[in-house]
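Right, one structure below, let's go through it.
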Amino acid sequence: MATTPTQLPIPSEKPQDLKFNAGKIDEFVTSMGWTYTDRFGVKHYTIEGVRHIAELGFAAQLLSQEQRFNLFIQNSGYEVIGDYEDGPLTITEYNQLIRYDGELWKITAATDIPFTTTGNDTTSWSVDSVHFVSVGDAALRQTLFGNDMVNLSPLYYGAKGDGLTDDTSAFTLLESETENRIIDLSGKNYAVDFLPSKNKYVNGIFQINGVKAPPNGELFKSNQLNSNTRATAFDSAASLIYQWRLTSTWLRGEDKNAVQSLAFDEKNRFIYAMYETSTYGGSSVIYRMPMDWGGNLERPLWGADADVRVGHQGMGIENGRDGKTYLWATKRYNSTVPASNDPQAGCKVIRFPLDGVPSYSTDSGAVNPWEGRGGVYFESVQEFI
Numbered sequence: 027m028a029t030t031p032t033q034l035p036i037p038s039e040k041p042q043d044l045k046f047n048a049g050k051i052d053e054f055v056t057s058m059g060w061t062y063t064d065r066f067g068v069k070h071y072t073i074e075g076v077r078h079i080a081e082l083g084f085a086a087q088l089l090s091q092e093q094r095f096n097l098f099i100q101n102s103g104y105e106v107i108g109d110y111e112d113g114p115l116t117i118t119e120y121n122q123l124i125r126y127d128g129e130l131w132k133i134t135a136a137t138d139i140p141f142t143t144t145g146n147d148t149t150s151w152s153v154d155s156v157h158f159v160s161v162g163d164a165a166l167r168q169t170l171f172g173n174d175m176v177n178l179s180p181l182y183y184g185a186k187g188d189g190l191t192d193d194t195s196a197f198t199l200l201e202s203e204t205e206n207r208i209i210d211l212s213g214k215n216y217a218v219d220f221l222p223s224k225n226k227y228v229n230g231i232f233q234i235n236g237v238k239a240p241p242n243g244e245l246f247k248s249n250q251l252n253s254n255t256r257a258t259a260f261d262s263a264a265s266l267i268y269q270w271r272l273t274s275t276w277l278r279g280e281d282k283n284a285v286q287s288l289a290f291d292e293k294n295r296f297i298y299a300m301y302e303t304s305t306y307g308g309s310s311v312i313y314r315m316p317m318d319w320g321g322n323l324e325r326p327l328w329g330a331d332a333d334v335r336v337g338h339q340g341m342g343i344e345n346g347r348d349g350k351t352y353l354w355a356t357k358r359y360n361s362t363v364p365a366s367n368d369p370q371a372g373c374k375v376i377r378f379p380l381d382g383v384p385s386y387s388t389d390s391g392a393v394n395p396w397e398g399r400g401g402v403y404f405e406s407v408q409e410f411i
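Mind the numbering: the sequence shown is residues 27 to 411 in my numbering, read in order.
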């Protein structure tokens, strides 16, 4: 008679659960099936199932590496014309390669072209080999896919980087195999439908639905200009996007507004503007405004006043490797925060995530959540790489 287990929480010391689990251990170790079901009805892999998954993953990795190597050869300007065993083969260009005995071979500079091999077996190869030199296929593969390689390129995964071809699948494959590495974008523009975030991407730009997006880990700077009446924001190419002077009264009805700083979020297409308003006695307001990418700013989505004057000296956006967006901002030297978070006087730098609406307390001037502090006066937030 089969043992019926309980549904008690883990760990359970009920005899029927212990007996049931003993049977499951036997099933996990000896079963040729790929899964077993625990006492809560959840399926898990047996040892045989784990072995099967590992074999599938290894086979997929080998196939992926073969595809990437072939793309690397193509992007290097070489052309593989065939296997020596399928010959005779005729080489008409010096960048053409043949494959023999697990290696790639190119014609020597001393050999005139066109050149036709004499056969397709080991006997003929002993004659033809004097006209060929190995391009180091095995060594190149080891270097190309080794863990100690400093830079990788999405071009090895089939990406084009022309701003038109959809390179999403190439980056999906890259990030399925590689994390926390430096990836050289080769100065190209990659059209994707998501922003790759598992590696540090340098020397290039992403494009999502026709809109440029910065590689993760970038913070774009904004500074105040001309007596606190103008602010600037920059895109990932460091070209001037906005210089904003605000004296209108349509923002919540305040008067005498002075824009202190702007932060430009390319990834999520928002402008963050910090300004001071006489309506609240000179206190700070940070507004988030959507951008239509035609250069126009719409009405604010949210804003709140606070005595801390967050962002008075500068703000910046960080698109983090964790996929979240953060606002970095300065806090004026003469502002106040709760005593537990402000052991020293002086200007602070704060960082908080923008996956929700940051909350501001008008009575205490607190910023939630609070992360980071120091006694240094910062004139502006610059760059994060």
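The C-beta atom is built at its ideal place from N, Cα and C for all residues, glycine as well.
May I have the straight-line CA-CA distance separating residue i from residue j, to the nearest angstrom?
| i | j | result |
| --- | --- | --- |
| S38 | E74 | 27 Å |
| E205 | N225 | 5 Å |
| W131 | R207 | 31 Å |
| H157 | S150 | 12 Å |
| F197 | P180 | 7 Å |
| G209 | A185 | Correcting the residue identity first, residue 209 is Ile in this sequence and not Gly. Spanning the two alpha carbons is a distance of roughly 13 Å. |
| F54 | D291 | 50 Å |
| E129 | I234 | 40 Å |
| M341 | F232 | 23 Å |
| A48 | P41 | 11 Å |
| L178 | K214 | 14 Å |
| H70 | A355 | 47 Å |
| D52 | M58 | 11 Å |
| R430 | T56 | Nothing in the structure corresponds to residue 430, since the chain is present only between 27 and 411. |
| V153 | K238 | 56 Å |
| F296 | D43 | 55 Å |
| S155 | E119 | 17 Å |
| T148 | A136 | 23 Å |
| Q33 | K350 | 38 Å |
| Y183 | G67 | 40 Å |
| F220 | Y227 | 14 Å |
| Y352 | V159 | 54 Å |
Would you mind giving the Cβ-Cβ distance between residue i and residue j, rounded to the nearest angstrom? I have them listed as a contact below 8 Å.
| i | j | result |
| --- | --- | --- |
| T72 | T61 | 6 Å |
| D109 | R125 | 5 Å |
| L115 | T143 | 5 Å |
| F141 | I117 | 5 Å |
| Q122 | E105 | 5 Å |
| G113 | G145 | 7 Å |
Check whether the Cβ of residue i lies closer than 8 Å to any Cβ atom in chain B.
| i | result |
| --- | --- |
| A196 | No chain B appears in this structure, which consists of one protein chain only. |
Would you mind stating whether residue i and residue j have Cβ atoms separated by less than 8 Å?
| i | j | result |
| --- | --- | --- |
| T191 | V218 | no |
| R65 | P35 | no |
| G187 | Y216 | yes |
| A289 | I343 | yes |
| K50 | T29 | no |
| P222 | E201 | yes |
Can you tell me which of the options puts its alpha carbon nearest to the alpha carbon of residue i?
| i | options | result |
| --- | --- | --- |
| N229 | F220, P222, L211 and K238 | L211 |
| V161 | G59, D127, W354 and L353 | D127 |
Task: Segments assigned alpha helix (DSSP H), at least 4 residues, entirely inside the region 133-162 - done: 148-154
- [ ] Return the chain-ordered ranges of every beta strand (DSSP E) run that is complete within the region 181-222 and spans a minimum of 3 residues.
- [x] 188-192, 208-210 and 215-218
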